[in-house]
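Asker: Here the protein sequences line up with chains A and B, keeping their order.
For the first sequence, the residue numbers in numbering that gives the first Met the number 0 are 0 to 129.
For the second sequence, the residue numbers in numbering that gives the first Met the number 0 are 0 to 202.
Built from N, CA and C at the ideal position, the CB exists for glycine as well.
Okay, here's the structure, questions in a sec.
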Amino acid sequence: MTGIVGIVIVSHSADVASGTADMVRQMVGDEVPLGHCGGDPDGGLGTSVERIMAAIDAAWSDAGVAVLVDLGGAETNSEMAIEMLPDEQRSKVVICNAPIVEGAVMAATEASGGSSLEEVRRTAEEYSPA
Amino acid sequence: MNLSEAMQRELITTVCERIVAATEELTDLDRAIGDGDHGLNMKRGFEDVLSKLDQLAAKPPPGALADAGMALVMKVGGAAGPLYGTLFMSLGKALPESPTLDDLTTALDLAVAAVQRRGKSTAGQKTMLDVWVPISGLLAAGESDLDTVRRRAAEAADATVPMLAIRGRASFLGERSIGHMDPGARSSQLIIEATCDVMEGWS
Numbered sequence: 000m001t002g003i004v005g006i007v008i009v010s011h012s013a014d015v016a017s018g019t020a021d022m023v024r025q026m027v028g029d030e031v032p033l034g035h036c037g038g039d040p041d042g043g044l045g046t047s048v049e050r051i052m053a054a055i056d057a058a059w060s061d062a063g064v065a066v067l068v069d070l071g072g073a074e075t076n077s078e079m080a081i082e083m084l085p086d087e088q089r090s091k092v093v094i095c096n097a098p099i100v101e102g103a104v105m106a107a108t109e110a111s112g113g114s115s116l117e118e119v120r121r122t123a124e125e126y127s128p129a
Numbered sequence: 000m001n002l003s004e005a006m007q008r009e010l011i012t013t014v015c016e017r018i019v020a021a022t023e024e025l026t027d028l029d030r031a032i033g034d035g036d037h038g039l040n041m042k043r044g045f046e047d048v049l050s051k052l053d054q055l056a057a058k059p060p061p062g063a064l065a066d067a068g069m070a071l072v073m074k075v076g077g078a079a080g081p082l083y084g085t086l087f088m089s090l091g092k093a094l095p096e097s098p099t100l101d102d103l104t105t106a107l108d109l110a111v112a113a114v115q116r117r118g119k120s121t122a123g124q125k126t127m128l129d130v131w132v133p134i135s136g137l138l139a140a141g142e143s144d145l146d147t148v149r150r151r152a153a154e155a156a157d158a159t160v161p162m163l164a165i166r167g168r169a170s171f172l173g174e175r176s177i178g179h180m181d182p183g184a185r186s187s188q189l190i191i192e193a194t195c196d197v198m199e200g201w202s
């Protein structure tokens with residue numbers, strides 16, 4: 000595997016997604032491929048499979064992509080989006096079971112050091128507020 | 000059963016119109032125990048299905064169901080999109096072009112299992128599965144009388160009222176989720192009821 004693992008942020012709220020992306024950028028700059036999306040297909044609170052697929056594309060890396068989600072529908076729609084990816088991409092995308100903001104920052108920081116997708120996922124999931 | 004284009008058209012139109020007509024009711028149910036978006040999300044999804052009516056009615060059931068499911072996945076915007084999308088796409092995958100009742104029974108069983116996997120849920124958790132599981136069970140037991148199916152669906156939706164929500168946004172409310180009908184169970188019941196009503200007109 001080559002390259003830096005990409006990070007995707009999927010929130011019900013476009014503001015939360017973009018604010019979280021800002022926090023990630025503050026930490027890692029442009030070193031880490033980053034995609035984010037929030038909002039249903041009409042722009043209200045919710046998530047959209049199409050937007051999630053586009054965000055994964057935007058953050059695409061051959062090293063894989065770690066997805067951070069907020070509530071239920073974001074996870075279900077992200078799982079659906081991943082299943083709809085081409086075969087060669089599908090196995091390289093994982094959803095992290097972590098809080099969206101902290102998880103995204105931790106995952107991106109880990110990714111910026113060149114860690115594998117599995118290491119990035121583990122770091123995000125191991126985060127627990129002190 | 001061979002579904003003519005006109006029959007398919009009637010079925011799709013009725014199901015979609017009933018969901019759209021229930022927007023406010025579904026929203027109110029979801030506002031009580033969730034984030035209040037189920038009505039508008041379902042409206043957006045089923046209106047999109049309805050906008051593809053000509054193309055869907057012209058396809059054999061497997062293709063029509065696959066396309067309708069995909070429309071819901073892309074348009075609904077909440078967890079209901081992948082859940083209903085999985086239901087319809089799985090039905091489409093499992094049904095032959097001219098399905099018999101046995102085919103439908105088998106396909107529904109597979110589709111409901113797929114929804115359970117997608118939602119990581121099972122009956123008894125105050126979700127749409129509390130309607131689809133008993134209806135699938137009814138067909139599997141050889142009961143296909145339309146009125147019986149319709150009544151069972153209504154009873155099953157009602158039975159979610161005293162349930163404690165274990166999955167979905169409503170589970171955040173804990174015991175406060177008790178005393179309200181699950182919006183996904185209600186929308187599922189509406190779809191089954193609409194289907195039974197239309198099929199009754201054919202017999």
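For I8/A, report the span of its beta strand (DSSP E) as first-last.
Answerer: Residue 8/A sits at position 9 when you count from the first residue of the first sequence. Unbroken beta strand (DSSP E) run through I8/A: 5-10.
Asker: Go through its chain and collect everything with a Cβ distance to A13/A's Cβ below 7 Å, but skip five positions before and after it.
Answerer: Taking the first residue of the first sequence as position 1, residue 13/A is located at position 14. Closer than 7 Å at the Cβ level, and outside the excluded window around A13/A, lie G37, G38.
Asker: Is DSSP giving I165/B helix, strand or coil here?
Answerer: As a first step, residue 165/B is located in the second sequence; it is residue number 166 there, counting from the start. Correct three-state label for I165/B: coil.
Asker: Hey, which unbroken runs of the alpha helix (DSSP H) at 4 residues or more fall wholly within the segment 164-197 of chain B?
Answerer: Correct list: empty.
Asker: Any Cβ of chain A within less than 8 Å of the Cβ of R175/B?
Answerer: Position 176 of the second sequence, counted from the first residue, corresponds to residue 175/B. No, R175/B lies away from the interface with chain A (no Cβ there is under 8 Å from its Cβ).
Asker: Here's the rule: buried if 16 or more other CB atoms are within 10 angstroms of the residue's CB, otherwise exposed. What is A155/B?
Answerer: Walking along the second sequence from the start, residue 155/B turns up at place 156. Classification of A155/B: buried, given that the 10 Å Cβ count is 16 or more.
Asker: To the nearest angstrom, how far is it from the Cα of C95/A to the Cα of M52/A?
Answerer: What you label residue 95/A is simply residue 96 of the first sequence in a count that begins at 1. What you label residue 52/A is simply residue 53 of the first sequence in a count that begins at 1. Looking at the two C-alpha atoms, the distance is approximately 16 Å.
Asker: Which residues, taken in chain order from the segment 132-153 of chain B, show a beta carbon closer than 9 Å to some beta carbon of chain A?
Answerer: Under the 9 Å Cβ criterion, the segment 132-153 of chain B contributes no residue.
Asker: Which runs of the beta strand (DSSP E) spanning at least 3 residues fall entirely within the segment 19-75 of chain A, listed in chain order?
Answerer: For the segment 19-75 of chain A, whole beta strand (DSSP E) runs of length 3 or above, ordered along the chain, are 33-37, 64-68.
Asker: Can you round the beta-carbon distance between E96/B and P60/B to whole angstroms, since I take them to be within the 8 Å contact cut?
Answerer: Working through the second sequence from its first residue, we reach residue 96/B at position 97. Working through the second sequence from its first residue, we reach residue 60/B at position 61. Their Cβ separation, rounded to whole angstroms, is 7 Å, which keeps E96/B and P60/B in contact under 8 Å.
Asker: In terms of alpha-carbon separation, which member of S170/B, G200/B, E16/B, R149/B lies closest to D29/B?
Answerer: To locate residue 29/B, count along the second sequence from 1; it is residue 30. The candidate whose alpha carbon is nearest that of D29/B is S170/B.
Asker: Which whole-angstrom value is the C-beta distance of V100/A and T1/A, which I expect to be below 8 Å?
Answerer: For this step, residue 100/A is matched to residue 101 along the first sequence. For this step, residue 1/A is matched to residue 2 along the first sequence. At roughly 29 Å, the Cβ-Cβ gap does not stay under 8 Å, so V100/A and T1/A are not in contact.
Asker: Going by C-alpha to C-alpha distance, which of N1/B, D53/B, L39/B sits closest to T12/B?
Answerer: Counting from one through the second sequence, the residue named residue 12/B turns up at place 13. Ranking the options by Cα distance to T12/B, first place goes to D53/B.
Asker: Is the CB-CB distance between S111/A and V31/A below 8 Å?
Answerer: In the first sequence, the residue the question calls residue 111/A occupies position 112. In the first sequence, the residue the question calls residue 31/A occupies position 32. Yes; because the gap between Cβ atoms is below 8 Å, this pair is in contact.
Asker: Could you name the residues that DSSP lists as bridge partners for I94/A?
Answerer: Start at 1 with the first residue of the first sequence, and residue 94/A comes out as number 95. Answer by DSSP bridge pairing, in chain order: V66/A.
Asker: Which runs of the alpha helix (DSSP H), 4 residues or longer, sit entirely within the segment 106-142 of chain B?
Answerer: Taking only runs of at least 4 residues, the alpha helix (DSSP H) segments lying wholly in the segment 106-142 of chain B are 128-139.
Asker: So, L67/A versus G102/A, is the Cβ gap smaller than 8 Å?
Answerer: On the first sequence, residue 67/A is found 68 positions in, with the first residue counted as 1. On the first sequence, residue 102/A is found 103 positions in, with the first residue counted as 1. Yes, Cβ-Cβ distance for L67/A and G102/A is below 8 Å.
Asker: Reducing DSSP to helix, strand and coil, say where G113/A ends up.
Answerer: The count along the first sequence starts at 1 and reaches residue 113/A at position 114. In the structure shown, G113/A sits in coil (DSSP, three-state: anything other than H, G, I, E or B).
Asker: Roughly how many angstroms lie between the CA atoms of E174/B and D86/A, to the nearest whole one?
Answerer: What you label residue 174/B is simply residue 175 of the second sequence in a count that begins at 1. What you label residue 86/A is simply residue 87 of the first sequence in a count that begins at 1. In a straight line, the C-alpha of E174/B is about 43 Å away from that of D86/A.
Asker: For the segment 160-190 of chain B, which residues have a CB atom closer than 7 Å to at least one CB atom of chain A, in sequence order?
Answerer: Within the segment 160-190 of chain B, the residues whose Cβ lies closer than 7 Å to some Cβ of chain A are G167, R168, listed in chain order.
Asker: Can you pull the chain B neighbours of V104/A, defined as C-beta to C-beta under 8 Å?
Answerer: Reading the first sequence from its first residue, position 105 is the one you call residue 104/A. What V104/A touches in chain B: nothing, since even the nearest Cβ is about 24 Å away.
Asker: Within 8 Å (strictly less), CB to CB, does G71/A reach chain B?
Answerer: The residue you call residue 71/A lines up with position 72 of the first sequence. Chain B, which has a Cβ nearer than 8 Å to the Cβ of G71/A, makes this yes.
Asker: To be precise: take each residue of the segment 40-61 of chain A, compare its Cβ to all Cβ atoms of chain B, and keep it if any distance is under 9 Å. Which residues remain?
Answerer: Listed by position along the chain: P40, D41, G43, L44, G45, T46, S47, V48, E49.
Asker: Along chain B, in chain order, which residues have C-beta atoms closer than 9 Å to that of M22/A?
Answerer: Counting from 1 along the first sequence, the entry for residue 22/A is found at position 23. In chain order: nothing, as chain B lies at least about 24 Å away.
Asker: Is any beta-carbon of chain B found at less than 8 Å from that of N96/A?
Answerer: Here residue 96/A corresponds to residue number 97 of the first sequence, with the count starting at 1. Output row for N96/A: interface = no.
Asker: Measure from the alpha carbon of A184/B to the alpha carbon of each residue in G167/B, E199/B, G200/B, V197/B, then state which is nearest.
Answerer: Taking the second sequence and counting its residues from 1, one reaches residue 184/B at position 185. Answer by Cα proximity: G167/B.
Asker: Buried or exposed: M0/B, going by 16 or more other Cβ atoms within 10 Å of its Cβ?
Answerer: Taking the first residue of the second sequence as position 1, residue 0/B is located at position 1. Exposed is the call here.
Asker: With DSSP run on the structure shown, which of helix, strand or coil describes L100/B?
Answerer: Locating residue 100/B in the second sequence gives position 101, where the first residue counts as 1. Of the three classes helix, strand and coil, the one that applies to L100/B here is helix, per DSSP.
Asker: Residues of chain A with CB closer than 7 Å to the CB of V72/B, please, in chain order.
Answerer: Residue mapping note: residue 72/B aligns to position 73 of the second sequence, counting from 1. Per Cβ cutoff of 7 Å: V48, M79.
Asker: Hey, S135/B and L107/B are a contact pair by Cβ (cut 8 Å); roughly how many whole angstroms apart?
Answerer: Taking the first residue of the second sequence as 1, we reach residue 135/B at position 136. Taking the first residue of the second sequence as 1, we reach residue 107/B at position 108. S135/B to L107/B, Cβ: 5 Å. Contact.
Asker: Would V111/B pass as a contact of W131/B if the rule is Cβ separation under 8 Å?
Answerer: Along the second sequence, read from residue 1 onward, the residue named residue 111/B stands at position 112. Along the second sequence, read from residue 1 onward, the residue named residue 131/B stands at position 132. Yes, the pair counts as a contact, with Cβ atoms nearer than the cut-off.
Asker: By DSSP, does Y126/A sit in helix, in strand, or in coil?
Answerer: As a position in the first sequence, residue 126/A is number 127, starting the count at 1. Y126/A: coil per DSSP, three-state reduction.
Asker: Since L94/B and D102/B should fall inside the 8 Å C-beta cutoff, what is the C-beta to C-beta distance between them, to a whole number of angstroms?
Answerer: If you number the second sequence from 1, residue 94/B lands on position 95. If you number the second sequence from 1, residue 102/B lands on position 103. Going by Cβ atoms, the distance from L94/B to D102/B rounds to 6 Å, so yes, they are a contact pair.
Asker: Going by CA-CA distance only, name the one from Q88/A, M79/A, V92/A that's closest to L86/B.
Answerer: The sequence position of residue 86/B within the second sequence is 87, counting from 1. With distances taken between Cα atoms, L86/B lies closest to M79/A.
Asker: Tell me whether G33/B sits in a helix, a strand or coil according to DSSP, three-state version.
Answerer: Your numbering for residue 33/B matches position 34 in the second sequence. Note: G33/B maps to coil in three-state DSSP.
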